[in-house]
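**Q** Just so it is clear: in the sequence shown, position 237 is 257 by this note's numbering, and no numbers are missing. For glycine and all other residues, C-beta sits at the position ideal for the given N, C-alpha and C. Below you will find the structure I want to go over with you.
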Amino acid sequence: MLELAKYAKQHVPEEHPKDKKEFIEIRVHKLLVAGVVSALSCMVKNESPALTDSSRELISRVFLALVEKAEDRGNVVAQGGGKALIPLALEGSDIGKTKAAQALAKITITSNPEIAFPGERIYEVIRPLVSLLHLDRTGLQNFEALMALTNLAGINERLRSKIIKEKAVPMIEGYMFEEHELIRRAATECMCNMAMSKEVQDLFMAEGSDRLKLMVLYSGEDDEQLRRAASGTLAMLTSMDPEICRRIPQVTAHWLEILQALLLSENLELQHRGAVVVLNMIEADRELAEKLMESEMFEILTVLSNKEEEEKTKAVARAAKECLRKALDYGLIKPNLSP
């Protein structure tokens, strides 16, 4: 194509050899060593009249290049880059704000957000991150925003409330239906942490909502990490509200086999989450407990409860044993049948 263009005397832009990834990394390293972050941070901090939207956009582009490699992000934060990025993500051109927001997302994913953005600053990061969830952003920006928000949502209720206030929950939910498995998984993981908020729990109980059904079905998917996130959400929700436990058998006819598959998984984390969901359901309702004990679940729990001596299976064994103890209290199993 290039030769044809030359023949036709048409200009086709060629990539300069020095624009290849390895050369960019060398330049970024030299800039970091030279203290470029401090210089850029001073420019932003002093709010020089010369700092136009165009200048802010260029600074944002530089910051995004500086945090491309995970190992460089701590250095950028230590030199004040995290603090400088917040105003860049809130003011200026759309492109500049997006680049700065993406740099913030990268930092939030791999750094401890409470250290990278101390005090009240951590709450200022949320709005730029939520802006990356809009449909006109790239898939990578959506994905990184979801991962960053997952980390923030796991810290405290005030941060979760801020995420809700910025109207992020409907967008997070939307990405749970995304065809791209990494984005779908990241959205489900984010919802898992958001489910610690009472306001989000109420959404799962809303009349006509399929949210709970989706989580139950995702707990039976082949994608192990998606199952982990969905079953974690179920464990959280069932521990908070007995009514959710009663709803699970109503959302899909496959609920029992999905729970059994979790307990039979080779992944101990999935086993434990499944055991916690079953325990919560047994504690919530005697009729539910009866349904569970009349199925193969009883045999599965019996086998798992006998593995308490092994350190790695201790948590699963304890949860299984507690399920059987509660069933015994209900009179659903006989004492001589319990382990």
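#1: Are the beta-carbon atoms of S239 and R247 separated by less than 8 Å?
#2: Alpha carbon to alpha carbon, what distance is there between S80 and A59?
#3: Quick one: grab the DSSP three-state call for H292.
#4: What does the alpha-carbon distance come out to for the pair R147 and H200?
#5: Take the Cβ of L179 as the centre, count every other Cβ of all protein chains shown within 10 Å, and call the residue buried at 16 or more, exposed below.
#6: Quick one: is R205 buried, meaning 16 or more other Cβ sit within 10 Å of its Cβ, or exposed?
#7: Using the C-alpha atoms, what's the distance from A85 back to T333?
#8: To the nearest angstrom, how far is it from the Cα of I353 to the Cα of A347?
#9: Note down, in chain order, each residue of its chain lying with its Cβ closer than 7 Å to the Cβ of L52, except the 5 sequence neighbours on either side.
#10: Just the C-alpha distance for H154 and E134, rounded to the nearest angstrom, thanks.
#11: Out of M211, I183, V145, state which residue places its alpha-carbon closest to the alpha-carbon of E193.
#12: Quick one: grab the DSSP three-state call for V87.
#13: Could you spell out the range, first to last residue, of the alpha helix (DSSP H) harbouring G102?
#14: Of all the options G174, L160, K185, N176, which has the alpha carbon lying nearest to the alpha carbon of Y195?
#15: By the three-class DSSP mapping on this structure, what secondary structure does K26 have?
#16: Across the region 317-332 and the region 261-268, are there enough close Cβ pairs to call them in contact, namely three or more that are closer than 8 Å?
#17: Taking the alpha-carbon of G252 as reference, which of E209, A309, V145 has the nearest alpha-carbon?
#18: Would you kindly work out how many angstroms separate the C-alpha atoms of K182 and L283, rounded to a whole number?
#19: Where does T258 land, buried or exposed, given buried means 16+ other C-beta within 10 angstroms?
#20: Just curious, the alpha helix (DSSP H) that G252 is in, first and last residue?
#21: With a threshold of 6 Å on Cβ separation, who are the neighbours of V297 within its own chain once the five nearest residues in sequence on each side are excluded?
#22: Of the choices K65, A207, I278, F197, whose alpha-carbon is the least far from that of G12?
#23: With a cut-off of 8 Å on the beta carbons, I'd call D73 and S113 a contact; round off their distance for me.
#24: Rounding to the nearest angstrom, what Cα-Cα distance links E331 and R293 in this structure?
#25: When you compare only the Cα positions, how much space is there between S358 and H274?
#26: CB S315 to CB L276, shorter than 8 Å?
#27: Residue ranges of each alpha helix (DSSP H) run of no fewer than 4 residues wholly in the region 155-224, ordered along the chain?
#28: How long is the line joining the alpha carbons of V323 and M313, rounded to whole angstroms?
#29: Output needed for A250: all residues of its chain with C-beta closer than 6 Å, excluding positions within five of it in sequence on either side, in chain order.
#30: Under 7 Å Cβ to Cβ from M260, same chain only, skipping five residues before and after it: list those, please.
#31: Got a sec? Which residues, its chain only, sit under 7 Å from N287 by beta carbon, not counting five neighbours each side?
#32: Am I right that E186 and S217 are in contact with their C-beta atoms under 8 Å? What's the rounded C-beta distance?
#33: If we count the other Cβ atoms within 10 Å of its Cβ and call it buried at 16 or more, is F83 buried or exposed?
#34: Sorted by chain position, which residues of the same chain lie with C-beta nearer than 6 Å to S151's C-beta, five sequence neighbours on each side aside?
#35: For Y350, I'd like the list of residues in its chain whose CB is within less than 7 Å of its CB, leaving aside the five on either flank, ordered along the chain.
**A** With the given structure in hand:
#1: Position 219 of the sequence shown holds residue 239. Position 227 of the sequence shown holds residue 247. Yes, Cβ-Cβ distance for S239 and R247 is below 8 Å.
#2: Within the sequence shown, residue 59 is the residue found at index 39, counting from 1. Within the sequence shown, residue 80 is the residue found at index 60, counting from 1. Those two C-alpha atoms are separated by around 13 Å.
#3: Counting from 1 along the sequence shown, the entry for residue 292 is found at position 272. If DSSP states are grouped into helix, strand and coil, H292 belongs with the helices.
#4: Position 127 of the sequence shown, counted from the start, is the residue given in the question as residue 147. Position 180 of the sequence shown, counted from the start, is the residue given in the question as residue 200. Computed Cα separation, rounded: 24 Å.
#5: Here residue 179 corresponds to residue number 159 of the sequence shown, with the count starting at 1. Its Cβ being crowded by 16 or more others within 10 Å, L179 is buried.
#6: The count along the sequence shown starts at 1 and reaches residue 205 at position 185. Label assigned to R205: buried.
#7: Within the sequence shown, numbered from 1, the residue matching residue 333 stands at position 313. Within the sequence shown, numbered from 1, the residue matching residue 85 stands at position 65. C-alpha separation (whole angstroms): 44 Å.
#8: On the sequence shown, position 333 is the one that residue 353 refers to. On the sequence shown, position 327 is the one that residue 347 refers to. For I353 and A347, the distance between alpha carbons rounds to 6 Å.
#9: Here residue 52 refers to the residue found at position 32 of the sequence shown. Taken in chain order, the residues that qualify are L86, D92, N95.
#10: Working through the sequence shown from its first residue, we reach residue 154 at position 134. Working through the sequence shown from its first residue, we reach residue 134 at position 114. H154 and E134: Cα-Cα distance of roughly 25 Å.
#11: Locating residue 193 in the sequence shown gives position 173, counting from the first residue. Checking every option, the nearest Cα to that of E193 belongs to M211.
#12: On the sequence shown, position 67 is the one that residue 87 refers to. The answer is coil: DSSP assigns V87 none of H, G, I, E or B.
#13: Counting from one through the sequence shown, the residue named residue 102 turns up at place 82. Start and end: 101-110.
#14: In the sequence shown, residue 195 corresponds to position 175, counting from 1. For the residues G174, L160, K185, N176, the minimum Cα distance to Y195 belongs to L160.
#15: Here residue 26 corresponds to residue number 6 of the sequence shown, with the count starting at 1. Because K26 sits at a pLDDT of 48, beneath the cut-off of 50, its placement in the model cannot be relied upon, and the following sentence gives the value as read from the coordinates. Three-state result, K26: helix.
#16: The region 317-332 is not in contact with the region 261-268.
#17: By one-based count along the sequence shown, residue 252 stands at place 232. That would be E209, whose Cα lies nearest to the Cα of G252.
#18: Locating residue 182 in the sequence shown gives position 162, counting from the first residue. Locating residue 283 in the sequence shown gives position 263, counting from the first residue. Their backbone Cα atoms lie some 35 Å apart in a straight line.
#19: Taking the sequence shown and counting its residues from 1, one reaches residue 258 at position 238. Flag for T258 reads buried.
#20: As a first step, residue 252 must be located in the sequence shown, where it is residue number 232. For G252, the enclosing alpha helix (DSSP H) starts and ends at 244-260.
#21: To locate residue 297, count along the sequence shown from 1; it is residue 277. Excluding residues within five positions, the ones whose Cβ falls inside 6 Å are L254, A255, T258.
#22: Residue 12 is absent from the structure shown; the chain starts at 21 and stops at 359.
#23: The residue labelled residue 73 in the question sits at position 53 within the sequence shown. The residue labelled residue 113 in the question sits at position 93 within the sequence shown. Confirmed, Cβ separation roughly 5 Å.
#24: Position 311 of the sequence shown, counted from the first residue, corresponds to residue 331. Position 273 of the sequence shown, counted from the first residue, corresponds to residue 293. Each residue's alpha carbon lies about 17 Å from the other.
#25: Here the question's residue 358 lines up with position 338 in the sequence shown. Here the question's residue 274 lines up with position 254 in the sequence shown. Its pLDDT being 42, under 50, S358 is placed unreliably in this model, and the value from its coordinates should be taken loosely. Straight-line Cα distance between these residues: approximately 27 Å.
#26: Counting from one through the sequence shown, the residue named residue 315 turns up at place 295. Counting from one through the sequence shown, the residue named residue 276 turns up at place 256. Contact flag set, yes.
#27: When DSSP assignments are scanned along the region 155-224, the uninterrupted stretches of alpha helix (DSSP H) that are 4 or more residues long and fall wholly within it turn out to be 159-173, 177-185, 189-195, 201-214, 218-224.
#28: Along the sequence shown, one-based indexing puts residue 323 at 303. Along the sequence shown, one-based indexing puts residue 313 at 293. Distance from the CA of V323 to the CA of M313, rounded to the nearest whole angstrom, comes to 14 Å.
#29: Taking the sequence shown and counting its residues from 1, one reaches residue 250 at position 230. Hits under 6 Å: T208, M235, Y238, S239.
#30: For this step, residue 260 is matched to residue 240 along the sequence shown. If we look at M260 and ignore the five residues flanking it on each side, its Cβ neighbours are Q221.
#31: Here residue 287 is taken as the residue at index 267 of the sequence shown, counted from 1. Hits under 7 Å: E244.
#32: As a position in the sequence shown, residue 186 is number 166, starting the count at 1. As a position in the sequence shown, residue 217 is number 197, starting the count at 1. Not a contact, Cβ separation roughly 13 Å.
#33: In the sequence shown, residue 83 corresponds to position 63, counting from 1. F83 should be labelled buried.
#34: Within the sequence shown, the letter at position 131 stands for residue 151. The residues are A121.
#35: Numbered from its first residue, the sequence shown carries residue 350 at position 330. Answer for Y350: R306, A309, listed in chain order.
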